[in-house]
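> Quick one: the structure is below, and I'll ask about it shortly.
Number of protein chains: 2
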Amino acid sequence: MKIGELSKHANCKIETIRYYEKIELLPKPLRTDGGYRIYNESHLKRLVFIRRSRELGFTIEDIRVLLQLVDGGSYSCNDIKLIAIKHINDIRQKISDLKKLEKTLSRISSKCSGNSTPECPIIDALYSSK
Amino acid sequence: MKIGELSKHANCKIETIRYYEKIELLPKPLRTDGGYRIYNESHLKRLVFIRRSRELGFTIEDIRVLLQLVDGGSYSCNDIKLIAIKHINDIRQKISDLKKLEKTLSRISSKCSGNSTPECPIIDALYSSK
DNA sequence: CTAAGCTCTGTATTAACTACAGAGTCAACA
DNA sequence: TGTTGACTCTGTAGTTAATACAGAGCTTAG
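First to last, the protein sequences are chains Y and V.
For the first sequence, the working numbering assigns the number 1 to the initial residue and increments by one for each residue that follows.
For the second sequence, the working numbering assigns the number 1 to the initial residue and increments by one for each residue that follows.
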């Protein structure tokens, strides 16, 4: 299968596929005489794995570790679980930070009259000298 | 005040201050004969405004708009409130996305025995052919 | 055989900084 | 006055995870 077809099956842009090859997440595929990349099912599975992991918010480096474990064939369920749990904790932290942010912003902007005068509590809150 | 002092007062790295000058968020300060930047109180206030806004998650471009409104002197409370509300909505969306993510990951990883066998539901979920 | 459509490489861009290298400046102290 | 150490300067490159080209070459249906 050529890169365009892989792209459709994996729901991943062509440039991204080439990018993953360059950073060595995807193995180099065979080429036609003309230089076109030719992929097989195992490339597709691997690419789907990568995309799914990205969608779950794993970084490329997380994924590299996961793939190395899988490639090595020596991974244990525990290895994987540790990575996942760390990631879940990161996500929870982000959620908590964003909630704080939202509260602060909502509080500031609720004081705002929303009229056409040039007095604005939001600006005051941001710009005040202390 | 020299850049190091400004940096301490505004809690902002020196490189970042120079960066803000380069992208024209901060006005160019006067210089000593030797070429050192010399700042005054109004630079400090502006830098604090920028840092505070960044901490609240506004983008540089958001801040540029806010500052232009303030600089123009013609802003209205309503102008500012619209920007803030849009931003609050963006944050709520992000929180909701992250919560979904967290749920999915928690669900997958709770199936994981966490033992030393090479069978792992996390990998299976990511790597399965469909 | 030709034209449309696909793919190639390589480089530049995005956001918001951060991290140097190598040079120059300033202030205090002897 | 000389020197040392701390500070600052410019300019460039790196970070993350792609995305967006230009300009060339390949493939295949008709």
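For glycine and all other residues, C-beta sits at the position ideal for the given N, C-alpha and C.
From residue 63(Y) to residue 119(V), what distance separates their C-alpha atoms?
In a straight line, the C-alpha of residue 63(Y) is about 18 Å away from that of residue 119(V).
> From the beta carbon of residue 38(V), is the nearest beta carbon of chain Y less than 8 Å away?
False, the Cβ-Cβ gap to chain Y never drops below 8 Å.
> So which residues on chain V does residue 80(Y) lean against when the C-beta distance must stay under 8 Å?
Those are 112, 120, 122 and 123, listed as they occur along chain V.
> For chain V, is any of its Cβ atoms less than 8 Å away from the one on residue 72(Y)?
By this cut-off, residue 72(Y) is not an interface position.
> State yes or no: is the beta carbon of residue 87(V) nearer than 8 Å to at least one beta carbon in chain Y?
Yes, residue 87(V) counts as interfacial toward chain Y.
> DSSP on residue 44(Y), reduced to helix/strand/coil?
Three-state DSSP puts residue 44(Y) in a helix.
> Per the contact definition of three or more C-beta pairs closer than 8 Å, is the region 33-49 of chain V in contact with the region 83-90 of chain V?
Flag = no, the region 83-90 of chain V and the region 33-49 of chain V do not touch.
> Restricting to Cα atoms, I'd like to know which of 52(V), 2(V), 109(V) and 10(V) is closest to residue 29(V).
Comparing Cα positions, the closest option is 2(V).
> Strictly under 8 Å for the Cβ-Cβ distance: is residue 107(Y) near chain V by that measure?
It does not: the Cβ of residue 107(Y) has no partner Cβ on chain V nearer than 8 Å.
> Identify whether residue 23(Y) lies in helix, strand or coil by the three-state DSSP scheme.
In the structure shown, residue 23(Y) sits in coil (DSSP, three-state: anything other than H, G, I, E or B).
> Please name the residue or residues paired with residue 38(V) in a DSSP beta bridge.
In DSSP, residue 38(V) forms a bridge with 30(V).
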